[in-house]
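Below is one structure; the comments refer to it alone.
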Amino acid sequence: MSKVLVAFGSLTGNTMSVAEWVTETLKDEGHSTEMMDCADVSSPKGLCGPYDLIVLGSPTYGDDPCEVQEDFEPVLDALESTGVQGKRVAVFGCGDSTYTYFCGAVDMIVDRVKECGGNLIAEPLKIDDPHDDHEEEIRDWAKGVAAVA
Ligand SMILES: Cc1cc2nc3c(=O)[nH]c(=O)nc-3n(C[C@H](O)[C@H](O)[C@H](O)COP(=O)(O)O)c2cc1C
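Here the numbering used here is used: the first residue of the sequence shown is 84, the next is one more, and so on.
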């Protein structure tokens, strides 16, 4: 059993729903899970410390350049100080494929995780609006993450 943190930002609730399905699935697969809305994180320092696996999720806003959701931004900016180095990490996000950079925030997070020495254990999950058409895909992805957690 691994200790898992699912930390996400969400403006209109889509990424929050995905985070809930991911958290629930990881729990059903036998892991100890905690879900955290980045809006409630007062200081990102040491955030990842107590966990074996970190699952990070953000939608994409802006367009050119892409941006992560604003509550997620302080966590991304301070990622090195969260203690992500050497941790197992998986990344997901919601977006809309009619934009130029579909789920650009997911790519930004992946790049930062690599720069900070996190170990990505799964292909990043990019969910196109409407997210609730993709519940099965999301749960399957979370099962894959759970299997290597
Ligand atoms: C102003 C605005 C800009 C957006 N820019 C992008 C973008 O560049 N790329 C993308 O994939 N989706 C983009 N989206 C779509 C959102 O990421 C998508 O609707 C997502 O599901 C919202 O997630 P949330 O409900 O968790 O906030 C944009 C949406 C808005 C309203």
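Where a beta carbon is used, it is the ideal one built from N, C-alpha and C, also for glycine.
Nearest residue (CA-CA) to residue i, options the options
i: E117; options: G187, V89, G169 and G227; result: V89
i: C81; options: Y134, G201, L94 and C177; result: Here the chain comprises residues numbered 84 to 232, so residue 81 is not present and cannot be evaluated.
i: A102; options: L208, G166 and N202; result: L208
i: D248; options: D146, E219 and L139; result: Residue 248 lies beyond the residue range present for the chain, which begins at 84 and ends at 232; the question has no answer from this structure.
i: T98; options: I192, F175 and A229; result: F175
i: K197; options: D147, V167, V231 and P133; result: V167
i: C131; options: G96, G200 and V228; result: G200
i: I221; options: W104, A205 and P127; result: W104
i: G187; options: L136, P213, Y134 and E150; result: E150
i: G178; options: S141, K86 and G227; result: S141
i: S126; options: A173, M191 and L159; result: L159
i: V172; options: D135, D223, E219 and K226; result: D135
i: F155; options: V124, E218 and G227; result: V124
DSSP state of residue i mapped onto helix, strand, coil
i: I192; result: helix
i: D160; result: helix
i: D211; result: strand
i: D216; result: helix
i: K86; result: strand
i: G178; result: strand
i: T183; result: coil
i: I204; result: coil
i: D120; result: strand
i: G169; result: coil
i: T95; result: coil
i: E103; result: helix
i: E153; result: coil
Min CB distance residue i to chain C below 8 angstroms
i: E107; result: In the structure shown, chain C cannot be found, because there is only a single protein chain.
Whole-angstrom C-beta distance between residue j and residue i, which should lie under 8 angstroms
i: H214; j: S100; result: 6 angstroms
i: A229; j: E112; result: 4 angstroms
i: K128; j: S164; result: 5 angstroms
Who sits around ligand 1, taking every residue whose Cβ is closer than 7 angstroms to one of its heavy atoms?
S93, L94, T95, G96, N97, T98, M99, P142, T143, Y144, G145, D146, C149, Q152, C177, G178, D179, S180, Y182, T183, Y184, F185, C186, G187, D212 and H214
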